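Numbering (full-length UniProt numbering), first residue to last: 1 to 530. Okay, structure first, notes after.
Written out as structure tokens, the structure reads:
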């Protein structure tokens with residue numbers, strides 16, 4: 001077991017601010033009719049506020065943040081009865097006087113009502129824009145669309161990035177009308193690495209302690225008021241962080257001192273800050289280094305490292321204590337036993353000629369056999385999601401890494417990327433394609449890098465084509481590395497319900513507009529501020 005640790009550090013300035021807020025509240029006589037109110041209490045979330053007050057009797061609070069319509073109005077019931085209330089307010093509109101409506105309900109059922117006016121500042125001038133192209137309101141999933149960018153540092157500081165006018169995009173959330181309803185004012189926060197909602201109502205984001213490209217030295221656990229709850233240090237965090245059923249955190253990282261990158265996984269305990277388990281993809285999935293010279297994708301700024309695997313997503317399967325990770329540069333998904341590291345199966349296109357097969361002979365029996373005439377294998381895929389019934393949803397970029405042929409580089413093999421649903425039969429070692437978003441979404445649907453597909457319910461999917469890139473003449477570029485220099489970069493969001501497009505929007509941002517997006521309610525845990 002490694003002796004490495006991640007270190008927990010609640011930012012001192014925010015600790016002081018928390019103590020100050022509580023002290024000010026306790027020193028005053030703040031009631032339901034005259035509550036303590038502060039907007040953006042921690043200086044990072046301008047469209048959030050904090051209300052604190054006391055009630056004579058034990059009550060529970062219902063809060064309504066009105067919107068322009070049903071889809072943009074949010075009501076939250078804080079379920080605990082108490083005489084002291086700490087109410088977080090999210091999803092305010094920018095640059096206006098918001099009327100937030102409170103209802104206090106006593107144990108005897110009696111109700112009291114109050115309207116609180118909350119004024120907010122306008123959005124920053126460089127905030128990304130949303131263009132709604134299609135919407136069928138009665139069929140939408142509830143919630144805001146939370147989005148974070150990527151590649152914030154230092155690529156936009158390079159000569160090529162400056163020449164293209166590239167800038168980071170804000171970590172933000174918008175509603176179905178395209179109105180920004182939440183964002184982090186520090187434009188770098190959440191812009192390097194993943195953004196993961198946690199069961200306690202907080203989220204995990206990459207910190208501003210960025211390294212070359214999209215690596216970060218730490219991640220923050222924050223709440224939507226912008227309060228830093230914890231900071232966890234773990235060198236080289238990238239692409240994905242997930243929360244385990246017991247609350248531990250699994251992150252994709254890199255092994256310190258290694259000549260390889262993006263092929264290491266760690267699990268750390270959020271209370272002790274210790275790394276409790278770690279896995280090396282090179283040991284799980286031992287592709288010979290003799291083929292690295294053409295299977296490795298080397299970043300222009302990191303030519304000395306071998307990106308042979310390029311893990312970009314991981315998911316935990318609690319049914320058998322295993323993980324499934326996406327190895328983009330192998331055009332493969334790999335499932336392995338968490339306790340032993342033993343490979344359970346590999347979803348990848350096998351070589352036509354066994355002599356060219358690069359997967360070690362002892363693992364070739366773990367390659368899933370395709371079923372069905374219309375089956376196709378993933379290419380350059382991102383974001384794997386495990387559905388409740390065990391099926392797999394992935395975002396297939398349709399970008400070939402030509403793993404069996406030398407010196408062909410990276411090729412966009414289809415003008416439109418897609419979401420794909422697979423079913424694996426582990427007893428028979430077979431895989432079947434159940435569904436794919438094979439629709440004519442237009443040229444905007446091609447995402448050479450990044451992308452996401454989320455499961456919203458039966459037949460209900462959220463898809464983001466994260467990186468569609470255009471030149472100054474409006475023509476989409478096809479080169480893989482164009483995300484470093486393309487002057488215009490957009491993201492296309494599509495929500496599908498039973499193969500019907502119920503929402504379609506273009507997200508016009510700055511640089512690499514969107515890494516991942518998720519649809520969820522702003523109060524997904526429903527907690528008061530603790």
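C-beta: ideal position from N, C-alpha, C; glycine also. Remember, predicted model here, so these are calculated numbers, not experimental data.
Whole-angstrom distance between residue j and residue i, CA atom to CA atom
i, j, result
"residue 107", "residue 79", "11 Å"
"residue 320", "residue 340", "12 Å"
"residue 503", "residue 232", "36 Å"
"residue 20", "residue 168", "32 Å"
"residue 294", "residue 345", "Per-residue confidence for residue 294 stands at a pLDDT of 45, beneath the threshold of 50, marking its modelled position as unreliable; the derived number appears in the next sentence. Residue 294 and residue 345: Cα-Cα distance of roughly 24 Å."
"residue 393", "residue 146", "20 Å"
"residue 375", "residue 333", "16 Å"
"residue 223", "residue 202", "4 Å"
"residue 367", "residue 316", "20 Å"
"residue 499", "residue 14", "46 Å"
"residue 99", "residue 185", "23 Å"
"residue 396", "residue 390", "18 Å"
"residue 530", "residue 18", "10 Å"
"residue 518", "residue 463", "9 Å"
"residue 515", "residue 85", "36 Å"
"residue 110", "residue 63", "16 Å"
"residue 138", "residue 354", "52 Å"
"residue 505", "residue 125", "21 Å"
"residue 381", "residue 91", "33 Å"
"residue 443", "residue 312", "Residue confidence is low: residue 443 scores 44 on pLDDT, short of 50, so the model does not pin down where it sits. Its coordinate-derived value is still stated next. Going from the Cα of residue 443 to the Cα of residue 312 covers about 24 Å."
"residue 493", "residue 468", "11 Å"
"residue 421", "residue 331", "16 Å"
"residue 42", "residue 71", "28 Å"
Nearest residue (CA-CA) to residue i, options the options
i, options, result
"residue 89", "137, 36, 58", "36"
"residue 259", "65, 59, 338, 305", "305"
"residue 429", "311, 371, 279, 525", "371"
"residue 364", "433, 322, 286", "286"
"residue 123", "96, 145, 139", "96"
"residue 507", "127, 86, 56", "127"
"residue 172", "200, 205, 201", "205"
"residue 377", "436, 342, 361, 323", "436"
"residue 256", "217, 125, 283", "217"
"residue 362", "353, 330, 397, 284", "284"
"residue 323", "308, 343, 307, 330", "343"
"residue 249", "235, 268, 238, 261", "268"
"residue 520", "266, 143, 463", "143"
"residue 221", "387, 241, 215", "241"
"residue 379", "461, 329, 318", "329"
"residue 325", "72, 277, 251, 50", "251"
"residue 66", "102, 170, 359, 200", "102"
"residue 423", "416, 314, 431", "431"
"residue 277", "289, 244, 288, 187", "244"
Buried/exposed call for residue i, threshold 16 Cβ in 10 Å
i, result
"residue 153", "Low confidence applies to residue 153: its pLDDT is 49, below 50, so where it sits in the model is not reliable, and the reading given next is rough at best. With 16 or more other Cβ atoms within 10 Å, it is buried."
"residue 175", "buried"
"residue 457", "exposed"
"residue 496", "buried"
"residue 57", "exposed"
"residue 419", "buried"
"residue 352", "exposed"
"residue 194", "buried"
"residue 129", "exposed"
"residue 528", "buried"
"residue 335", "buried"
"residue 214", "buried"
"residue 348", "buried"
"residue 438", "exposed"
"residue 548", "Because the chain in this structure spans residues 1 to 530, residue 548 falls outside the shown range and cannot be described."
"residue 434", "exposed"
"residue 387", "exposed"
"residue 59", "buried"
"residue 148", "buried"
"residue 307", "buried"
Minimum Cβ-Cβ distance from residue i to chain C less than 9 Å
i, result
"residue 24", "No chain C appears in this structure, which consists of one protein chain only."
Inter-residue CB distance, residue i and residue j (contact presumed, cutoff 8 Å)
i, j, result
"residue 263", "residue 280", "7 Å"
"residue 560", "residue 39", "The displayed coordinates of the chain run from 1 to 530. Any statement about residue 560 would go beyond what the structure contains."
"residue 310", "residue 338", "Incorrect: roughly 21 Å between the Cβ atoms, too far for contact."
"residue 466", "residue 445", "So it is not a contact: roughly 11 Å between Cβ atoms."
"residue 177", "residue 132", "7 Å"
"residue 74", "residue 55", "No, residue 74 and residue 55 are not in contact; Cβ-Cβ is about 22 Å, not under 8 Å."
"residue 453", "residue 383", "6 Å"
"residue 141", "residue 46", "Not quite, the Cβ-Cβ distance comes to about 26 Å (not below 8 Å), so this is no contact."
Near the ligand ZN: residue i beta-carbon under 8 Å from a heavy atom
i, result
"residue 214", "No copy of the ligand ZN appears in this structure; indeed no ligand is present at all."
(request) Take every Cβ of the region 261-273, pair it with every Cβ of the region 222-229, and state whether three or more of those distances are shorter than 8 Å. (result) no
(message) Can you confirm whether the region 62-81 touches the region 25-40 when touching is taken to mean that 3 or more C-beta pairs between the two stretches lie within less than 8 Å?
(response) no
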